[in-house]
Each structure stands twice: as C-alpha cells, then as structure tokens.
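Heads up: the structure comes next, in structure tokens.
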Amino acid sequence: MEDNEMQLDCIPFDDLSNGKEDCAVPSNEQDEDTGRLYPEDYSRYFIPYEDEEFHSKEDVKAWCVGKGSQHNCSIVSGPGTKTGKLECNGKGSRIELVCSRSGVYKSHKSKDYVPKTTNALKRKRSSTSKINCPFKLICSCDYDGRWNIKIKCGFHNHALTDSLIGHSAPAALTEKQLELLKRLTGSLIPPKKVLSMIKQDDPDTAVHLRTIYNAKAKLKKEETRGRTILQHFLALAEQEDYTIFKRCDGEVVIDLFIAPPRFVDLARCFH
Numbered sequence: 023m024e025d026n027e028m029q030l031d032c033i034p035f036d037d038l039s040n041g042k043e044d045c046a047v048p049s050n051e052q053d054e055d056t057g058r059l060y061p062e063d064y065s066r067y068f069i070p071y072e073d074e075e076f077h078s079k080e081d082v083k084a085w086c087v088g089k090g091s092q093h094n095c096s097i098v099s100g101p102g103t104k105t106g107k108l109e110c111n112g113k114g115s116r117i118e119l120v121c122s123r124s125g126v127y128k129s130h131k132s133k134d135y136v137p138k139t140t141n142a143l144k145r146k147r148s149s150t151s152k153i154n155c156p157f158k159l160i161c162s163c164d165y166d167g168r169w170n171i172k173i174k175c176g177f178h179n180h181a182l183t184d185s186l187i188g189h190s191a192p193a194a195l196t197e198k199q200l201e202l203l204k205r206l207t208g209s210l211i212p213p214k215k216v217l218s219m220i221k222q223d224d225p226d227t228a229v230h231l232r233t234i235y236n237a238k239a240k241l242k243k244e245e246t247r248g249r250t251i252l253q254h255f256l257a258l259a260e261q262e263d264y265t266i267f268k269r270c271d272g273e274v275v276i277d278l279f280i281a282p283p284r285f286v287d288l289a290r291c292f293h
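Going by this note's numbering, the first residue of the sequence shown is number 23, and it counts up by one from there.
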C-alpha cells in the first residue's frame with residue numbers, strides 16, 4: 023500500500039478543520055487515547071427529524087441516551103444543568119449530556135489518608151474510565167416549552183466498545199425493573215432468574231448480573247436502616263406484634279424468646 027493510501031486511525035486535535043473548538047481536550051498521560059480524536063463524527067445521529075418534538079427534560083434525555091445506546095455510546099448527565107422559572111414554561115432550563123468517559127478523575131481520599139500497606143505489590147491496583155472525552159450535547163428549553171438539542175462536540179477521544187453490557191450508566195435499572203426486582207426479591211427469587219425475567223421483557227437491556235446484586239444490596243441497606251441483622255429481626259418482630267422476651271447480661275444477650283401472635287393464642291387455650 024502506498025503512503026497516500028494509508029488509512030487514518032485517528033485525527034490529532036490540531037488537524038481538525040471543522041472549526042469545533044470545544045472538541046479540544048488537554049493531554050492526559052494516563053491514557054494513550056486522550057489528546058486525539060477518532061475520525062467518526064457522531065453528530066448526525068443526534069439530529070432529530072422535523073416531526074420529532076420534546077416537551078420535557080425526561081423526553082429529550084431519554085431520546086439522546088437511546089440514540090447513544092444504538093451506537094454503543096454511554097451518555098450521562100453533565101455538570102452544566104440549569105433550571106428555569108416555571109412561570110416561563112421552563113424557559114432557560116438546560117441540561118448537559120456528555121460521554122461517560124468525560125471529565126477527569128478526582129480522588130476522594132482525605133489529605134491525611136495513609137494506605138494500609140506500603141508494599142506496592144499488595145496495593146489494590148485500580149484505574150479510571152475518565153479520560154476527558156469532549157463529546158457534549160446541550161439541551162435547552164424555549165418559551166413554548168419545547169426542548170432543542172445543540173451538538174457542542176460530536177467526536178470522542180477513544181474507541182467505542184462493541185457492547186454496553188457492564189457499563190454503569192446503561193446498565194442502571196429503570197423504575198419498572200426496580201419494582202420487579204423488589205417484588206421478586208420478596209419472593210426469594212435468585213438474582214440469575216431475576217436477570218432472566220428482566221431480559222425477557224427487554225432483550226436489548228444492558229443490565230448485568232452485578233447490577234442485580236448491587237441493587238439488592240442497596241435495597242437491603244435501605245430496609246435495615248443501618249441496623250444489625252439481630253436488631254432488624256427484632257424490629258420486624260415488634261412490627262408484626264410478636265411476643266418478645268429477652269434476658270441480657272450487660273450488652274450480651276443470654277436468652278431470647280420470640281413467638282408469633284397465633285402461637286400465643288394457642289398457648290392461652292390450654293391455660
């Protein structure tokens with residue numbers, strides 16, 4: 023193959039000729055993709071048809087997220103969100119939608135944080151998906167309550183994945199799926215069967231088995247409200263009018279007797 027016939031894998035920022043200055047991204051030494059744009063412009067996928075109108079923030083966001091999912095692009099809400107006045111039909115409201123790999127990693131460790139071990143080999147190695155991807159959509163509301171989409175930058179500085187399965191944003195449970203999870207969990211249905219039923223309703227869903235386990239853990243935490251297993255068990259027993267007798271030695275429980283109301287009524291029949 024001659025030199026003039028070689029394919030271009032990516033486009034450096036300095037060689038862009040479309041005039042999109044917002045696509046420029048500062049270099050990041052932690053990821054080899056950052057600092058250059060891939061040649062495909064995804065802007066054309068986010069131009070709605072003339073007969074398509076959006077009358078709420080939820081509608082326009084769902085449309086953009088759906089279009090992104092069709093092309094294996096994970097789209098999330100960005101920091102540039104603004105709420106307008108209700109008396110102006112939401113005029114001035116805007117939301118910013120960005121790639122899930124936008125922004126840079128920010129450590130949440132305190133200044134006084136000391137690692138548990140100084141051995142580099144024993145430390146948990148982790149990485150970040152944040153590589154300052156420049157892809158950005160701006161959705162704003164007019165006086166008539168209609169939402170418009172402005173494409174700030176349609177390029178990514180990384181290759182898109184073949185599937186969104188396992189990505190945190192697309193794999194998030196919808197309200198309908200969460201209600202199904204609550205109902206099935208109460209019936210002691212295992213997570214694998216819960217995932218199978220969710221995929222039966224929505225074959226294109228990106229929900230992963232890890233998502234089910236995380237959602238179950240979150241529901242359990244909300245239900246227990248920070249109580250231990252025994253404390254939560256006693257709280258449920260009191261809620262159902264169980265008879266509870268316990269004997270303690272300081273903070274140690276020596277004896278514990280619990281009986282449901284029906285058993286108490288049966289015992290009273292013979293005394």
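Backbone N, C-alpha and C fix where the C-beta goes; we use that ideal spot for every residue, glycine too.
ASN236 carries a helical assignment under DSSP once its states are collapsed to helix, strand and coil. Among the bridge pairs identified by DSSP, CYS270 is matched with VAL275. A direct Cα-to-Cα measurement between LYS131 and PRO137 gives close to 10 Å. In this chain, VAL136 is not harboured by any beta strand (DSSP E), its DSSP state being neither H nor E. Annotation: CYS163 is outside any alpha helix (DSSP H); the continuous beta strand (DSSP E) that includes it extends over 158 to 163. Boundaries around SER218 are those of the alpha helix (DSSP H), 213 to 223, since no beta strand (DSSP E) includes it. Between PHE68 and ILE160, the CB-CB gap reaches or exceeds 8 Å.
Per DSSP, the unbroken beta strand (DSSP E) holding GLU118 starts and ends at 116 to 121. Here the alpha carbon of LYS128 sits roughly 28 Å from the alpha carbon of SER162. Taking C-beta separations shorter than 7 Å and ignoring five residues to either side along the sequence, the partners of CYS155 in its chain run CYS121, ARG123, SER124, HIS178, ASN179 and HIS180, following chain order. Taking all protein chains shown into account, THR250 has fewer than 16 neighbouring C-beta atoms within 10 Å of its C-beta and is therefore exposed.
Beta-bridge partners of ILE173 (DSSP): LEU159.
If you draw a straight line from the Cα of LEU186 to the Cα of SER96, it comes to about 7 Å. DSSP places VAL87 in the helix class (H, G or I) of the three-state scheme. PHE267 and LYS242 have their alpha carbons spaced roughly 26 Å apart. About 17 Å separates the beta carbon of SER151 from that of LEU119, a gap too long to meet the 8 Å contact definition. Inter-residue distance for ALA193 and ALA239 is about 16 Å (C-alpha atoms, whole angstroms). The alpha-carbon of VAL87 is positioned some 23 Å away from that of SER218.
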